[in-house]
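In my numbering, the protein residues as written are 4 to 575.
The beta carbon of each residue, even a glycine, is placed where N, CA and C say it ideally should be.
None of the values given here were measured: they were computed from a predicted structure.
Okay, structure first, notes after.
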Amino acid sequence: MIVIKGVPASPGIAMGKAYVLEDEEIVVNRVEIGKDKVRAEVKRFKQALEATYRDLDAAEAKVLKTLGKQHAKLIDTHRLILSDPLITKDVPRRILNEAVNAEFALSEALDHVNEAFEKIEDEFFRERRHDLFDVGKRLLSHLLKQEKRSLTDIETACILIARNLLPSDTVNLKDSKILGFATDLGGKTSHTAILAQGMQIPAVVGLSDASHRVKNGDFVILDGEHGMLIISPSPEAIAKYQKAQLKTQQEEKALDALRGQTAATLDGHRFDLCANLDTPDEIKTIVGLKTDGIGLFRTEYLFLNRLEAPTEEEQFRAYSQAVKAMNGLPTVIRTADIGGDRLAQLGIDGPKNETNPFMGLRGIRLFLRHSDLLKTQLRAILRSTQHGKVRVLLPMISSMAELRSARRIFFAAQQELLAEGVDTAKKVELGIMVEIPAAGLMLDHLLTEADFISIGTNDLIQYILAVDRINEHVAHLYDPFHPAVVRTLYSIVETAKKKGKRVTVCGEMTSDPKAAPLLVGMGVDVLSVTPRMFLRVKQIVMSLRFEHASKIVQRALSMSDSDEIQRLLTDI
Ligand code: PEP
Ligand code: MG
């Protein structure tokens with residue numbers, strides 16, 4: 004029996020055979036695809052070709068700006084290669100005639116051209132083959148990206164072990180047979196971990212080399228609560244975990260009684276307890292939990308795994324479904340926070356190969372640069388107000404200028420809909436995520452133009468402590484109870500209260516039972532919790548006394564050490 008310790012990412016216990024996902028290498032295999040699929044394969048190739056043209060346009064714009072016209076001409080060589088019949092005609096012909104995958108047809112075509120280049124005597128022309136490979140590689144990478152490893156194709160119930168899983172992989176897990184997953188990389192508040200919680204799939208991340216130590220078919224236990232992966236467990240360990248599984252089921256049944264009860268402390272302090280929504284599958288669960296609303300609708304899932312952004316109509320349908328289901332209770336819809344670990348293509352010049360993506364072109368920064376995307380999303384959200392109570396939330400605000408620009412687009416969308424005679428609510432609140440320290444530090448100003456705030460502890464903590472939320476090497480430094488975090492949260496809540504504005508907290512910290520007294524004691528108005536932890540958190544906050552929790556907060560504020568604060572919260 005081998006026990007590997009990692010970072011607990013999503014609670015629950017899963018037991019079963021391991022399915023190890025190989026590292027992604029650029030090895031092109033010949034895959035026979037069947038005559039009925041060849042047309043679709045040619046289409047896929049053409050889409051990759053278009054995406055590569057778009058890459059070249061973007062590269063050209065960049066070169067033009069930095070090096071000037073003369074150098075930008077180099078890109079023309081690449082365009083010429085891309086439009087050469089050896090690529091545009093030969094590859095589709097191979098796919099059609101040989102019924103093979105596009106990657107293989109492309110690599111064969113490239114080999115063929117390479118042989119021809121090698122015979123050229125003139126060194127200058129012979130060296131042009133590097134351009135050919137460059138273009139070929141770009142094209143291939145688009146093909147490989149589009150042909151995502153489909154986790155839904157895994158046919159038997161298993162525990163997935165992988166070096167890394169991206170949020171775009173994870174959104175598909177619900178429709179798969181996967182009981183839980185373990186990855187070498189990642190941290191507790193990575194979007195992959197958050198999605199797993201939403202889908203109620205046990206997960207452990209940050210296991211460093213687990214994917215090399217587990218073999219396909221090994222029997223494993225995944226302990227999402229304590230962040231452990233056990234390979235070839237002893238019969239005693241299996242029995243212990245079976246018992247624990249049963250106990251959790253019983254405890255969860257006992258929590259059922261809390262559904263629908265008013266969220267208040269023992270001494271009658273009332274607040275709203277809402278749930279975070281990450282994918283539409285969770286709507287039913289949230290309705291069943293009888294929450295006070297959806298405190299954070301993360302809309303990114305709509306933008307992942309596709310080449311174009313979703314249309315206004317598609318978005319309108321998605322938002323309306325959630326708003327209708329909430330039946331008059333509020334739904335806070337956040338405009339998409341693309342970037343960071345949630346990369347999407349969307350046919351735009353978006354973030355690519357950033358050295359530091361969490362500090363890069365992300366959230367409102369990306370959507371202000373491509374304001375058509377923001378306007379479309381805001382129109383769709385505003386239209387959904389005809390079905391119930393909706394608030395709009397902007398991610399990653401760091402300055403007054405950003406807030407003002409976004410507000411202008413928001414009002415423009417409202418005016419457009421009015422002029423078109425579309426039925427929308429008269430007053431729709433527009434709030435901001437406070438998740439960048441700058442927003443917290445100048446909140447008094449921002450609150451003159453924002454109707455409410457939602458504290459995103461996941462990002463706020465990573466930026467206060469300079470600890471990348473998905474980096475397993477510094478996961479131990481990611482600490483919601485660090486005195487600097489506690490003080491920042493307190494000061495944000497105080498400022499908002501002084502200005503009479505409502506405060507929600509919606510990061511994963513709300514799902515940590517230990518943090519509940521701290522957040523309630525600060526006087527937060529709304530806690531938005533992952534559905535999986537909703538009833539557990541409800542049980543804790545309903546057993547607290549507000550007066551006591553407020554005193555605890557004051558004591559925590561005077562402490563200089565995280566361990567001390569955590570002890571204070573555990574002994575409550
Ligand atoms: C947060 O940062 O706390 C948050 C809720 O947003 P996300 O996790 O989607 O970045
Ligand atoms: Mg965030």
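Tell me, which residues are paired with K8 by DSSP? M231
Closest residue to R309 among G37, S494 and A54 (Cα-Cα distance): A54
Assigned secondary structure, D137 (DSSP; H/G/I helix, E/B strand, else coil): helix
Given the structure, does T460 come close to ligand 1, in the sense that its CB is under 8 Å from one of the ligand's heavy atoms? yes
Report yes if the C-beta distance between P11 and D226 is below 9 Å; otherwise report no. yes
Please find out if some non-hydrogen atom of ligand 1 comes closer than 8 Å to the beta-carbon of M329. no
Hey, could you find the ends of the beta strand (DSSP E) V508 is sitting in? R505 to V508
Report all residues from its chain with a CB closer than 8 Å to the CB of I286; omit the five preceding and five following residues, and keep chain order. L280, Q324, A325 and A328
Could you tell me whether any non-hydrogen atom of ligand 2 is closer than 8 Å to the CB of G434? no
Between D270 and E567, how many whole angstroms is the CB-CB distance? I'm expecting something under 8 Å. Actually they are not in contact, since the Cβ atoms of D270 and E567 sit about 26 Å apart, beyond 8 Å.
Out of curiosity, what's the CA-to-CA distance linking G526 and V496? 7 Å
Which residue wins for smallest C-alpha separation from S251, given the options V223, P205 and A267? First, the amino acid is wrong: residue 251 is Thr here, not Ser. Selected option, being the one with the closest Cα: P205.
Which residue spans inside the stretch 416 to 455 form an unbroken beta strand (DSSP E) run of at least 3? 433 to 437
With T186 as the anchor, note down where its beta strand (DSSP E) starts and where it stops. I181 to T186
For A199, does the three-state DSSP call read helix, strand or coil? helix
List the DSSP bridge partners of F531. A small fix is needed here, since residue 531 is Ser in this sequence, not Phe. For S531, which the question treats as bridged, DSSP gives the partners C277.
With DSSP collapsed to three states, give me the class of Y244. helix
On the DSSP bridge list, what partners appear for K20? F222
On the three-state DSSP scale, how would you describe G298? strand
Burial state of E28 (16 or more Cβ within 10 Å): Low local confidence applies: a pLDDT of 44 at E28 is under 50, so the model's placement there is unreliable, and no value is given.
Compute the distance between the beta-carbons of P112 and E101, then report whether it is under 9 Å. According to the sequence shown, residue 112 is Ala rather than Pro. No.
Closest residue to R273 among L530, S563, K68 and S408 (Cα-Cα distance): L530
Can you tell me the Cα-Cα spacing of K72 and L376, whole angstroms? 30 Å
Taking only three categories from DSSP, how would you classify S561? coil
Using the rule of at least 16 other Cβ atoms within 10 Å of the residue's Cβ for burial, across every protein chain shown, is P88 buried or exposed? exposed
Taking its Cβ as the centre, do 16 or more other Cβ atoms sit within 10 Å of M18, making it buried, or is it exposed? buried
Can you give me the Cβ contacts of G331 inside the same chain, cut-off strictly under 8 Å, excluding the 5 residues immediately before and after it? G391 and K392
Cα-Cα separation, K501 to G459: 20 Å
Does the beta-carbon of T533 have 16 or more other beta-carbons within 10 angstroms, so that it is buried, or is it exposed? buried
Does the distance from the CB of L307 to the CB of V174 come in under 9 Å? yes
N-terminal and C-terminal residue of the beta strand (DSSP E) that R548 is part of: Element bounds for R548: n/a, residue is neither H nor E.
N32: buried (16+ other C-beta within 10 angstroms of its C-beta) or exposed? exposed
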